[in-house]
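Chemist: Before we start, here is the structure in question, set down as structure tokens.
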Amino acid sequence: MILSGDPPRSRVLSILLVVIIAALAVTPLLFPGAKAMNVATKICIFAALVASYDLLLGYTGTVSFAHTMFYGIGSYSIAIALYSMGPNWAAVAVGVAAGLPLAMLLALAIGLFSLRVEAIFFAMITLAVASAFLVLASQLSWLTGGEDGRSFQLPELLRPGTILIPKDWFGFAVNGRVLTYYLIFIACAAMILALLRVVNSPFGRVLQAIRDNRFRAEALGFRTVFHLTYANCLAALVAASAGMLNALWLRYAGPDTSLSFAIMLDILLMVVIGGMGTIYGAIVGAVIFILAQNYLQALMGAASNAAADAGLPLLPGLLHPDRWLLWLGLLFIASVYFFPTGVVGRLRNPSRKPA
Amino acid sequence: MTDLLTLAGVHTHVGRYHILHGVDFSVPEGQTTMLLGRNGAGKTSTLRTIMGLWQASAGQISLDGQRIEASATPDIARLGVGYVPESMAVFSDLTVKENLILAARDGPLDDARLEWIFGFFPALKRFWLSRAGALSGGQKQMLSIARAIVEPRKLLLIDEPTKGLAPAIVVALIECFAEIKRRGATILLVEQNFHAAQAIGDTVLVMDNGRIVHRGEMAALAGDVALQEKLLGLSLETHQ
């Protein structure tokens with residue numbers, strides 16, 4: 026019921042998802058350090074963001090480069106509202122009330138004007154609009170803070186200094202930061218479940234038919250432009266919401282953290298690694314990518330030292346922490362080669378051999 | 056007998072190519088009209104133009120008295136036109152059930168009609184929850200036809216349904232079309248297999264170079280070997 030009749034359909038995948046969700050649920054209690062909390066939060070937010078992109082890429086076959094723009098709209102709307110109105114809940118409400126409709130209207134405009142054209146032109150148009158938005162965010166410094174972005178304070182309840190449950194009650198402290206984490210965890214889980222419901226609804230079936238063959242779907246009587254635009258708007262709303270949660274966590278919104286094309290590239294990699302057209306792939310992709318991004322360097326440092334201690338030739342140099350991007354790249358190539366349908370696709374159909 | 060579909064002076068351009076050169080014909084209600092002709096004569100283009108997948112550059116197309124040449128494909132489909140394109144056009148990633156639910160568009164599947172369809176195509180019942188992409192060629196074609204008839208339609212446009220299929224499946228398809236016609240459907244059917252066409256058709260249209268070059272009774276053409284050879288470059292005897 027909660028999975029909308031679309032269970033993981035693989036024992037290994039089910040176990041993997043249970044482990045991931047359980048680990049994310051207990052992170053603040055077991056690993057209250059800043060790095061672990063930041064990584065867990067980023068996984069939650071990106072899982073929702075990537076799932077929303079999967080709705081577009083995996084379920085409709087639409088390649089959009091404007092997804093970070095919607096993510097940025099969410100981030101900036103919260104940041105600007107809290108910066109200018111002060112740290113109170115009314116400002117959060119104004120940020121949400123301004124950001125979500127803005128993201129939806131822009132998605133509607135992009136969809137209605139450009140989803141009629143061929144996929145490659147749609148991709149180009151979204152790239153142009155996203156670039157324009159990035160430049161706009163950098164130039165309108167009176168509003169956005171320009172390249173420096175906007176730092177702001179959170180409402181009192183969400184601040185690290187607010188102790189909700191003292192450590193001596195249960196052995197761990199629950200402060201405003203932990204509350205913010207759980208707020209993000211629950212919101213992201215709800216968004217992913219909602220997306221799962223969407224893709225398994227009659228509407229989701231039409232989207233898959235459009236991905237398969239748009240003309241055939243039209244010949245059955247479906248106005249595909251409206252379906253694609255609706256999917257575009259839904260994806261934009263989730264992306265903007267993820268952006269809002271990210272801004273709340275970072276207490277900051279700037280071009281690098283919410284609008285850059287590096288984020289768009291990360292989203293693309295996560296959706297491909299996890300498995301397109303599965304929604305679950307977003308969770309797996311986000312976990313693999315973000316863990317690699319944050320811990321591969323440290324892991325390589327340890328491996329390099331171990332190799333040096335063992336007196337092995339070449340290996341210490343190859344595993345030097347400075348080479349972590351090289352290994353990250355190799356990891357992606359290997360994952361695309363061995364899991365062409367993504368980790369989730371492979372786990373669901375283990376008989377399919379790599380191409 | 057009234058005409059359900061009428062084309063008058065229809066021209067179609069695809070890019071810089073002029074494909075249809077003033078196509079004129081009518082499809083009488085409740086009959087099966089065969090559209091024959093050699094490869095490249097414009098048969099598929101005619102169906103695509105009727106369906107709005109290619110816009111007619113000139114001429115008029117009327118369905119049940121309503122002009123449709125400027126209508127969008129989804130609107131034409133919603134007027135009650137079912138289209139079975141060539142090349143076993145199923146939605147591969149969806150199951151057989153989902154393909155049919157999709158074709159039913161606004162409502163739930165009618166169980167009695169479904170059983171009627173399973174009567175012709177029992178394989179669809181057997182593979183009800185299988186991915187359509189995993190079906191054999193013949194089963195895909197059955198699903199493609201089932202999708203068009205899962206709800207009653209005013210007009211069925213069917214493009215080369217027997218292409219590349221085993222003889223036993225062709226026989227099942229011919230039986231299916233006969234039954235659909237008995238239920239009162241109007242069919243415009245493109246067919247290369249003259250033997251199948253003769254078994255199904257009431258009236259016949261022959262195309263060449265983007266024009267209709269012959270119209271008449273199917274029985275008359277089937278009985279006139281010289282005319283078959285003149286129009287189609289083959290006779291029923293040599294084709295068997």
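Quick mapping for you: the protein sequence lines, in order, are chains A and B. Just so you know, we're using the working numbering here: the first sequence kicks off at 26 and counts up by one. Just so you know, we're using the working numbering here: the second sequence kicks off at 56 and counts up by one. In this text, a Cβ means the ideal position worked out from N, Cα and C, and glycines have one as well.
Cutting at 7 Å between CB atoms, please list the residues of its own chain near proline 53 (chain A), excluding the five before and the five after it.
Modeler: Met62, Val203, Tyr206.
Chemist: Anyone know if the C-beta pair for leucine 91 (chain B) and phenylalanine 232 (chain B) falls short of 9 Å?
Modeler: Contact: no.
Chemist: Ends of the alpha helix (DSSP H) at isoleucine 70 (chain A)?
Modeler: Looking at the DSSP string, the run of the alpha helix (DSSP H) that includes isoleucine 70 (chain A) is 59-85.
Chemist: For the stretch 308-334 of chain A, list every residue whose C-beta sits within 8 Å of some C-beta in chain B, in sequence order.
Modeler: For the stretch 308-334 of chain A, which is checked against every Cβ of chain B, not one residue is closer than 8 Å.
Chemist: Along chain B, in chain order, which residues have C-beta atoms closer than 7 Å to that of glutamate 243 (chain A)?
Modeler: Within chain B, the residues near glutamate 243 (chain A) are Thr128, Pro129.
Chemist: Any beta carbon of chain B sitting closer than 9 Å to that of phenylalanine 247 (chain A)?
Modeler: Cβ-Cβ to chain B under 9 Å: yes for phenylalanine 247 (chain A).
Chemist: Name, going along the chain, the residues of the stretch 207-238 of chain A whose beta-carbon falls closer than 9 Å to a beta-carbon of chain B.
Modeler: Those would be Pro227, Arg230, Val231, Gln233, Ala234, Arg236, Asp237, Asn238, in chain order.
Chemist: Buried or exposed, going by whether 16 or more other CB atoms sit within 10 Å of the CB of glutamine 233 (chain A)?
Modeler: So glutamine 233 (chain A) counts as buried.
Chemist: Tell me, please, whether the stretch 184-204 of chain A touches the stretch 36-47 of chain A by the rule of three or more beta-carbon pairs shorter than 8 Å.
Modeler: No, the stretch 184-204 of chain A does not touch the stretch 36-47 of chain A.
Chemist: Of all Cβ atoms in chain E, is any one closer than 9 Å to the Cβ of serine 147 (chain B)?
Modeler: As a matter of chain content, chain E is missing from the structure shown, whose protein chains are A and B.
Chemist: Quick check: alanine 127 (chain B) and threonine 67 (chain B), are their CB atoms within less than 9 Å of each other?
Modeler: Going by C-beta atoms, alanine 127 (chain B) is not nearer than 9 Å to threonine 67 (chain B).
Chemist: Counting only C-beta atoms, is arginine 133 (chain B) closer than 9 Å to chain A at any point?
Modeler: Yes, arginine 133 (chain B) lies at the interface with chain A (some Cβ there is under 9 Å from its Cβ).
Chemist: Could you check if valine 268 (chain B) is buried or exposed, using at least 16 other CB atoms within 10 Å of its CB as the buried criterion?
Modeler: By the neighbour-count rule (16 or more Cβ atoms within 10 Å), valine 268 (chain B) is not buried but exposed.
Chemist: So which of B:Gly85, B:Thr104, B:Leu169, B:Leu210 has the shortest CA-CA distance to glycine 265 (chain B)?
Modeler: When each option's Cα is compared against that of glycine 265 (chain B), the closest is B:Thr104.
Chemist: Taking Cβ positions only, does glycine 383 (chain A) come closer than 9 Å to chain B?
Modeler: Residue 383 (chain A) falls outside the range modelled here, since chain A spans only 26 to 380, and no answer is possible.
Chemist: Between A:Ile288, A:Ala323, A:Gly370, A:Asn238, which has its C-alpha nearest serine 142 (chain B)'s C-alpha?
Modeler: Nearest option by C-alpha distance: A:Asn238.
Chemist: Going by C-alpha to C-alpha distance, which of B:Asp263, B:Pro216, B:Arg168 sits closest to leucine 243 (chain B)?
Modeler: Of the listed residues, the one whose Cα sits closest to leucine 243 (chain B) is B:Pro216.
Chemist: Within 10 Å of its beta-carbon, does tryptophan 194 (chain A) have 16 or more other beta-carbons around it, so buried, or fewer, so exposed?
Modeler: Per the 10 Å Cβ criterion, exposed.
Chemist: Less than 9 Å between CB atoms is the rule here; does glycine 70 (chain B) satisfy it with respect to chain A?
Modeler: Closer than 9 Å: no.
Chemist: For glutamate 143 (chain A), which of helix, strand or coil comes out of DSSP?
Modeler: Glutamate 143 (chain A): coil per DSSP, three-state reduction.
Chemist: In chain B, what lies closer than 7 Å to phenylalanine 240 (chain A) by C-beta?
Modeler: Going along chain B in sequence order, the residues near phenylalanine 240 (chain A) (Cβ under 7 Å) are Leu108.
Chemist: Considering only their Cβ atoms, is the gap separating arginine 222 (chain A) from serine 29 (chain A) smaller than 9 Å?
Modeler: In contact: serine 29 (chain A) and arginine 222 (chain A) (Cβ atoms closer than 9 Å).
Chemist: Please go through the stretch 72-128 of chain B and give each complete alpha helix (DSSP H) segment of 4 or more residues, from N-terminal end onward.
Modeler: With a minimum length of 4 residues, the continuous alpha helix (DSSP H) runs that stay inside the stretch 72-128 of chain B are 98-105.
Chemist: Determine which residues of the stretch 155-166 of chain B have a Cβ less than 8 Å from any Cβ of chain A, and write them out in chain order.
Modeler: Under the 8 Å Cβ criterion, the stretch 155-166 of chain B contributes Ile156, Leu157, Ala158, Arg160.
Chemist: Counting Cβ pairs closer than 8 Å, one from the stretch 291-309 of chain A and one from the stretch 125-142 of chain A, do we hit at least three?
Modeler: Not touching, per the Cβ criterion.
Chemist: Just confirm the distance between the C-beta atoms of leucine 152 (chain A) and phenylalanine 247 (chain A), as a whole number of angstroms; I'd bet it's less than 8 Å.
Modeler: Contact flag wrong, Cβ pair sits at about 27 Å.
Chemist: By a C-beta neighbour count over all protein chains shown, 10 Å radius and 16 as the cutoff for buried, is glycine 99 (chain A) buried or exposed?
Modeler: With 16 or more Cβ atoms within 10 Å of its Cβ, glycine 99 (chain A) is classed as buried.
Chemist: Would you check if the distance between the CB atom of alanine 198 (chain A) and the CB atom of proline 341 (chain A) is smaller than 9 Å?
Modeler: For alanine 198 (chain A) and proline 341 (chain A), no; Cβs fall outside 9 Å.
Chemist: Does alanine 380 (chain A) have its Cβ less than 9 Å from a Cβ in chain B?
Modeler: Residue confidence is low: alanine 380 (chain A) scores 37 on pLDDT, short of 50, so the model does not pin down where it sits. Its coordinate-derived value is still stated next. It does not: the Cβ of alanine 380 (chain A) has no partner Cβ on chain B nearer than 9 Å.
Chemist: By Cβ distance below 6 Å, which residues in the same chain neighbour serine 329 (chain A) in space, the five residues on each side in sequence not counted?
Modeler: Cβ neighbours of serine 329 (chain A) beyond the five flanking positions: Pro341, Leu344, His345.
Chemist: Could you check where the alpha helix (DSSP H) with alanine 28 (chain A) kicks off and where it finishes?
Modeler: According to the sequence shown, residue 28 (chain A) is leucine rather than alanine. Taken as a continuous stretch (DSSP letters only), leucine 28 (chain A) belongs to no alpha helix (DSSP H), as it is neither H nor E.
Chemist: For valine 261 (chain B), I'd like the list of residues in its chain whose CB is within less than 6 Å of its CB, leaving aside the five on either flank, ordered along the chain.
Modeler: So the qualifying residues of the chain are Leu91, Gly92, Val268, His269, Leu286.
Chemist: For the alpha helix (DSSP H) that contains alanine 63 (chain B), what are its first and last residues?
Modeler: Taken as a continuous stretch (DSSP letters only), alanine 63 (chain B) belongs to no alpha helix (DSSP H), being part of the beta strand (DSSP E) at 58-69.
Chemist: In the DSSP assignment, the alpha helix (DSSP H) including methionine 325 (chain A) goes from what residue to what residue?
Modeler: Looking at the DSSP string, the run of the alpha helix (DSSP H) that includes methionine 325 (chain A) is 305-334.
Chemist: With histidine 345 (chain A) as the anchor, note down where its alpha helix (DSSP H) starts and where it stops.
Modeler: Unbroken run through histidine 345 (chain A): none, as it is neither H nor E.
Chemist: So for threonine 366 (chain A), helix, strand or coil by DSSP?
Modeler: Looking at threonine 366 (chain A) - three-state DSSP - the assignment turns out to be coil, as it is neither helix nor strand.
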